[in-house]
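Here's the structure we're looking at; comments come further down.
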Amino acid sequence: MTEAAIHTINLTRDFGAVRAVDALTLEVPPGIIFGFLGANGAGKTTTINLLLGLLEPSAGQAQVLGFDTRAQGGAIRERAGALLEFSGLYERLTAEDNLDFYGRVWRLSAAERQARIRELLTHVGLYDRRKERVGAWSRGMKQKLAIARVLLHRPALIFLDEPTAGLDPVAAAALRDDLEGLVAREGVTVFLNTHNLPEAERLCQQVGVIRSGKLLTVGSPDALRQRTGQPQAEVFGEGFTPEVLALLRARRDIASAKVENGRLLLELADQQVKMAPIITALVEAGVQIEEARRGQASLEDVFLSLMEEDRAQEVVR
Amino acid sequence: MIADIWTVMGKEWREYVAGTGAGGGRGRGVIAALLLIGIASILWPLQMGRDLFTSAAPIIVDGLLLPYIILQTVIADSFAGERERHTLETLLASRLSDQAILFGKVGAAVAYGSAAGIIGALAQAVVANLSPKNADSGLAFYPVGSVVAIVTLALLMSLLTASVGCLVSLRAATTRQAQLSLTFGFFALVFAPFIVFQVLPRQTQATILDALNAADPTRVLLIFAGALLLVAVALLLIAMARFQRARLILS
């Protein structure tokens, strides 16, 4: 239990009649980026607040870095860093003043603060702009600065709540690059709240999916794809007529077939299905194939299918 | 704990210096405060000349009014402003204790308000000495009693304003709402005694006036200072009790 960076048992939080986090049992090993995936209002932010000891759980318990969140919230916050929903930067102060303040909060010596500010701001490409007031900066720059602030005191664990939300794709990609580089260099455990699935797929070694406060599944993105998503194939070409689709749907080795954006999307019955007989059948049916490739369900497909399954079970209940 | 309070105080001061609002350059906050102190320190000391030093006016203006007026804006911003600008959550998620955050904010405000009162008194002393009314006389300054009264009252008034301001700011949704509450409270505090006095029977009014005229000014000042201290400490204790991370994080 003490080995895990985060360990929760039936962690629950109610707000009146609303159950924001519902019996969450989770173990996050140290040194990984853990993606906590869920739609808006799924309970991700409440979970971070519970893990930081900012909110009392209604039931259950959690240990973060070996400390109990109910009784030792201060010890957790001492050793963790957090970039919450907003960057939390003082916009009337300069970038350097912002980092200097939090460096003092974490009791870094003057020399250490100076060196660390230089190191982190250089890494995110903001050192030359350290004397500027943050208020005039773009959201992307602010988020980079906020990540530098989170890492300033070399925390063992950081919580990031939707760090790329609201950023344009270029800024989001740049932030992801910086985050990936910094996290790898600092060897820190990351608890990343996100609903950006490609981001989670790229950054996270493990992901958990939450819906209405309930944890639906946990595992590596690959394992989740294998467990939940069926193997897929894409075929580019011409001649995907309704008759061809009917022919494909009648086959045992194909679970579903549809045409999307001019390409044929096939969901295969299982991993053992071979593509060659399917392609032969398509050619015989008059389809002109330009390219065919086998793939796997994306994390997005897995996420959507989990949401759908849970919704269906809810209806049954 | 003390180091943490200093850290928060330092941050608050930097923000005071930077000034409120999104635009403007560095030092806008201090320039605005100095401008206000300057306006409050020119006309009447110029008219009074050396009489200023024997008058009770500087004790009221610099010991009570200036600290309140200067602090009202910044203290209203203390928690409500951080909430509005979404910096409060990050501060609460840091290792700082509740007391360090609260006392740091109160401490910075007390230092700022007291400094405003003392700078105001000094500026008025300079203007009074430059007044054409006493062109032939030498330099003069406040008697020791007045200096003690100005410094003590400026400190206590700043503490009271900071305590009530933090309490209001903790509850207010926006800085503007906190400022309005503080302004309303200030007017109620200033005018309520006069209104109450007016509705008292004539004989009671006369008794009160006689008692005030006969009272030793030092004693009146000490009682007033003691009352300020008591109220300020009581409000600070309430603010401490109301400062709850869970409630603040949800607000």
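Read top to bottom, the protein sequences are chains A and B.
Heads up: the first sequence is residues 51 to 367, going by the numbering used here.
Heads up: the second sequence is residues 399 to 649, going by the numbering used here.
Every residue gets a Cβ at the ideal spot worked out from N, C-alpha and C, and that includes glycine.
Check	Outcome
Quick one: what does DSSP say Arg299(A) is sitting in, helix, strand or coil?	helix
With a threshold of 7 Å on Cβ separation, who are the neighbours of Leu149(A) within its own chain once the five nearest residues in sequence on each side are excluded?	Ile167, Ala198, Arg199, Leu202
Report, in whole angstroms, the separation of the C-beta atoms of Thr62(A) and Ala112(A), which I expect to be a contact under 8 Å.	That pair is no contact at about 10 Å.
Can you tell me where the alpha helix (DSSP H) with Glu284(A) in it begins and where it stops?	Careful: Glu284(A) lies outside any alpha helix (DSSP H), inside the beta strand (DSSP E) at 282-288.
Please classify Met399(B) as buried or exposed, where buried requires at least 16 neighbouring CB atoms within 10 angstroms.	exposed
Applying a beta-carbon distance threshold of less than 8 Å, which residues of chain B neighbour Leu134(A)?	Glu487, Thr488, Ala491
One question on the structure: do Cys564(B) and Ser476(B) come within less than 9 Å of each other, judged by their Cβ atoms?	yes
With a 10 Å radius around its C-beta and 16 neighbouring C-beta atoms as the bar for buried, classify Ser188(A) as buried or exposed.	exposed
State the start and end residues of the unbroken beta strand (DSSP E) segment that holds Asp227(A).	Note, Asp227(A): premise wrong, no beta strand (DSSP E); alpha helix (DSSP H) at 219-236.
Any heavy atom of the ligand MN closer than 8 Å to the Cβ of Ser529(B)?	Within the structure as shown, the ligand MN is missing, as the structure has no ligands at all.
Could you check the C-alpha separation between Phe241(A) and Phe84(A) for me, to the nearest Å?	5 Å
Give a yes or no on whether 9 Å exceeds the smallest Cβ distance from Arg412(B) to chain A.	yes
Here's the rule: buried if 16 or more other CB atoms are within 10 angstroms of the residue's CB, otherwise exposed. What is Asn99(A)?	buried
What residue ranges within the segment 58-100 of chain A form continuous beta strand (DSSP E) runs of no fewer than 3 residues, ordered along the chain?	68-78, 83-87
Can you give me the Cβ contacts of Ile260(A) inside the same chain, cut-off strictly under 6 Å, excluding the 5 residues immediately before and after it?	Gly88, Ala92, Gly93
Since Ala644(B) meets chain A, which of its residues come closer than 7 Å, beta carbon to beta carbon?	Leu104, Leu105, Glu106
Using the Cα positions of Leu554(B) and His484(B), report the straight-line distance between them to the nearest angstrom.	31 Å
If I measure Cβ to Cβ from Gly515(B) and keep anything under 7 Å in the same chain, skipping five residues before and after, which residues do I get?	Asp460, Gly461, Leu464, Pro465, Ile548, Ala552
Which residues mark the beginning and the end of the alpha helix (DSSP H) in which Gln577(B) is found?	573-597
Residue ranges of each beta strand (DSSP E) run of no fewer than 3 residues wholly in the segment 489-520 of chain B, ordered along the chain?	none
Terminal residues of the continuous alpha helix (DSSP H) containing Ser544(B)?	542-569
Can you look up Ala613(B) in the DSSP assignment and give me helix, strand or coil?	coil
From the beta carbon of Ala420(B), is the nearest beta carbon of chain A less than 9 Å away?	Residue confidence for Ala420(B) is low, a pLDDT of 44 falling below 50, so the modelled location carries little weight and cannot support an answer.
Which of the three DSSP states, helix, strand or coil, is assigned to Ala401(B)?	helix
Would a check of beta-carbon distances place Phe209(A) closer than 9 Å to chain B?	yes
Terminal residues of the continuous alpha helix (DSSP H) containing Ala347(A)?	Unbroken run through Ala347(A): none, as it is neither H nor E.
Give the secondary structure of Leu433(B) by DSSP, where H, G and I count as helix, E and B as strand, and everything else as coil.	helix
Determine whether the Cβ of Asp147(A) lies closer than 9 Å to any Cβ atom of chain B.	yes
Quick one: grab the DSSP three-state call for Ala630(B).	helix
Cα-Cα, which of Ile499(B), Lys531(B), Ser535(B), Leu558(B) is closest to Val508(B)?	Leu558(B)
Below 6 Å CB to CB, which residues in the same chain sit around Arg180(A) once its five sequence neighbours on both sides are set aside?	Ala145, Glu146, Leu171
DSSP state of Thr119(A), grouped into three classes?	coil
Count the other CB atoms, across all protein chains shown, that sit within 10 Å of the CB of Arg299(A); report buried if there are 16 or more and exposed otherwise.	exposed
Which runs of the alpha helix (DSSP H) spanning at least 4 residues fall entirely within the segment 157-181 of chain A, listed in chain order?	160-173
Distance check for Pro271(A) and Thr291(A), CA to CA, integer angstroms please.	35 Å
Is Ile403(B) close to chain A? Criterion is C-beta to C-beta, closer than 9 Å.	no
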